[in-house]
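S.K.: In full-length UniProt numbering, the protein residues as written are 1 to 237. Here it is, the structure in full.
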């Protein structure tokens, strides 16, 4: 029951953030509603499709779509106030991420999968709604660039399995896993924690035309000076 309440809070908050992202791209109400729904339930939908978990949540209970669309329309109506609720959105987003991750874990376990698939399910459920949102809004997903987000889902999975191995009750396992993920997410925002970033910028350089593959075939294996190029030629030059 607690996890379900947190999930509803999560999809509502994610629907509102999706609506704001659509507004930045100047989308119409249909676009706003679509991005809101994709953000809120896209991750869970991908998880269920990948794992073959049917029926999809929003297909079985379509009223959740109305909740998300209602949150999106509300966001459009009070958009001028949204800047004052930034901290609240961060907290609600952290709640959603934590609840989504644990829900993903439980779906994987209920289907008989082990740790690795549980991690995949947690990451898909928790993070990939935002990935779809950013892709549809034509930007590199924030999940791939900065802050701890998908890794929070991994942490939740580790904590969940550790508590389960220690024999904790199901309720305690769920509550502690959600709390650890939630607190870590807020700390990562406050302390600006992030994973190492791979920054590779290829420098421009001029390549010797004689070293190109087409040149080798054109000249029949002869170097630019007209002599046959053997294994020791370059070393003796």
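For each residue, glycine too, the CB sits at the ideal point set by N, CA and C.
Do you know how far the Cα of residue 104 is from the Cα of residue 55?
M.R.: The count along the chain shown starts at 1 and reaches residue 55 at position 55. The count along the chain shown starts at 1 and reaches residue 104 at position 104. Near 15 Å, if we compare the C-alpha coordinates of residue 104 and residue 55.
S.K.: Are residue 128 and residue 157 touching if we call contact CB-CB under 9 Å?
M.R.: Position 128 of the chain shown, counted from the first residue, corresponds to residue 128. Position 157 of the chain shown, counted from the first residue, corresponds to residue 157. It is not a contact, given that the beta carbons lie outside the stated cut-off.
S.K.: Tell me the rounded alpha-carbon separation between residue 112 and residue 53.
M.R.: Within the chain shown, numbered from 1, the residue matching residue 112 stands at position 112. Within the chain shown, numbered from 1, the residue matching residue 53 stands at position 53. If I take the Cα positions, the gap works out to 12 Å.
S.K.: Quick one: measure Cβ to Cβ for residue 45 and residue 133, integer angstroms, because I've assumed they're closer than 8 Å.
M.R.: For the purposes of this step, residue 45 is identified with residue 45 of the chain shown, where counting begins at 1. For the purposes of this step, residue 133 is identified with residue 133 of the chain shown, where counting begins at 1. With a Cβ gap of about 13 Å, residue 45 and residue 133 do not count as contacting.
S.K.: What three-state label does DSSP hand residue 236 in the structure shown?
M.R.: As a first step, residue 236 is located in the chain shown; it is residue number 236 there, counting from the start. Because residue 236 carries a pLDDT of 41, less than 50, the predicted location of this residue cannot be relied on, and the following value inherits that uncertainty. In the structure shown, residue 236 sits in a helix (DSSP, three-state: H, G or I).
S.K.: Following the continuous alpha helix (DSSP H) through residue 137, name the residue where it begins and the one where it ends.
M.R.: Locating residue 137 in the chain shown gives position 137, counting from the first residue. From DSSP, residue 137 is part of no alpha helix (DSSP H); its letter is neither H nor E.
S.K.: Leaving aside the five residues before and after residue 58 along the sequence, list all residues of the same chain whose C-beta is less than 6 Å from its C-beta, in chain order.
M.R.: In the chain shown, residue 58 corresponds to position 58, counting from 1. So the qualifying residues of the chain are 41, 64, 65.
S.K.: Quick test of the definition: if touching needs 3 or more C-beta pairs under 8 Å, does the stretch 179 to 189 touch the stretch 92 to 111?
M.R.: yes
S.K.: Given a cut-off of 9 Å on the beta-carbon distance, is the pair residue 51 and residue 121 in contact?
M.R.: As a first step, residue 51 is located in the chain shown; it is residue number 51 there, counting from the start. As a first step, residue 121 is located in the chain shown; it is residue number 121 there, counting from the start. Contact flag set, yes.
S.K.: Do the stretch 135 to 145 and the stretch 68 to 84 touch if we need at least three Cβ pairs shorter than 8 Å?
M.R.: no
S.K.: Nearest-angstrom Cα distance between residue 74 and residue 6?
M.R.: For the purposes of this step, residue 74 is taken as the residue at position 74 of the chain shown. For the purposes of this step, residue 6 is taken as the residue at position 6 of the chain shown. For residue 74 and residue 6, the distance between alpha carbons rounds to 20 Å.
S.K.: Answer with buried or exposed for residue 16, where buried requires no fewer than 16 other C-beta atoms within 10 angstroms of its C-beta.
M.R.: Here residue 16 refers to the residue found at position 16 of the chain shown. So residue 16 counts as buried.
S.K.: Taking residue 12 and residue 99 to be in contact with their CB atoms under 8 Å, please state how far apart those CB atoms are, rounded to whole angstroms.
M.R.: For this step, residue 12 is matched to residue 12 along the chain shown. For this step, residue 99 is matched to residue 99 along the chain shown. Actually they do not touch by this definition, with Cβ atoms about 12 Å apart.
S.K.: Ignoring anything shorter than 3 residues, give me the beta strand (DSSP E) runs that lie fully in the UniProt domain "Glycine transporter" (5 to 77), in order along the chain.
M.R.: none
S.K.: Assuming residue 160 is part of the alpha helix (DSSP H), what are its boundary residues?
M.R.: Sequence index remark: in the chain shown, residue 160 carries index 160 (1-based). In this chain, the alpha helix (DSSP H) harbouring residue 160 covers 150 to 165.
S.K.: Are the C-beta of residue 19 and some C-beta of chain D separated by less than 9 Å?
M.R.: As a matter of chain content, chain D is missing from the structure shown, which is built from one protein chain.
S.K.: Suppose you measure from the CA of residue 175 to the CA of residue 2; what does that come to, to the nearest Å?
M.R.: Start at 1 with the first residue of the chain shown, and residue 175 comes out as number 175. Start at 1 with the first residue of the chain shown, and residue 2 comes out as number 2. Going from the Cα of residue 175 to the Cα of residue 2 covers about 8 Å.
S.K.: Would residue 108 be called buried (16 or more neighbouring beta carbons within 10 Å of its own) or exposed?
M.R.: Residue 108 sits at position 108 when you count from the first residue of the chain shown. Buried: at least 16 other Cβ atoms inside 10 Å.
S.K.: Can you tell me whether residue 192 is buried or exposed? The criterion is at least 16 other CB atoms within 10 Å of its CB, across all chains shown.
M.R.: Sequence index remark: in the chain shown, residue 192 carries index 192 (1-based). Label assigned to residue 192: exposed.
S.K.: Using beta-carbon positions only, say whether residue 102 and residue 178 come within less than 9 Å of one another.
M.R.: Translated into positions along the chain shown, residue 102 becomes position 102. Translated into positions along the chain shown, residue 178 becomes position 178. In contact: residue 102 and residue 178 (Cβ atoms closer than 9 Å).
S.K.: Kindly list the residues whose CB is nearer than 6 Å to the CB of residue 22, restricted to its own chain and excluding five residues on each side of it in sequence; keep chain order.
M.R.: Against the chain shown, residue 22 aligns to sequence position 22. Once the five neighbours on either side are set aside, the close Cβ partners of residue 22 are 31, 32, 35.
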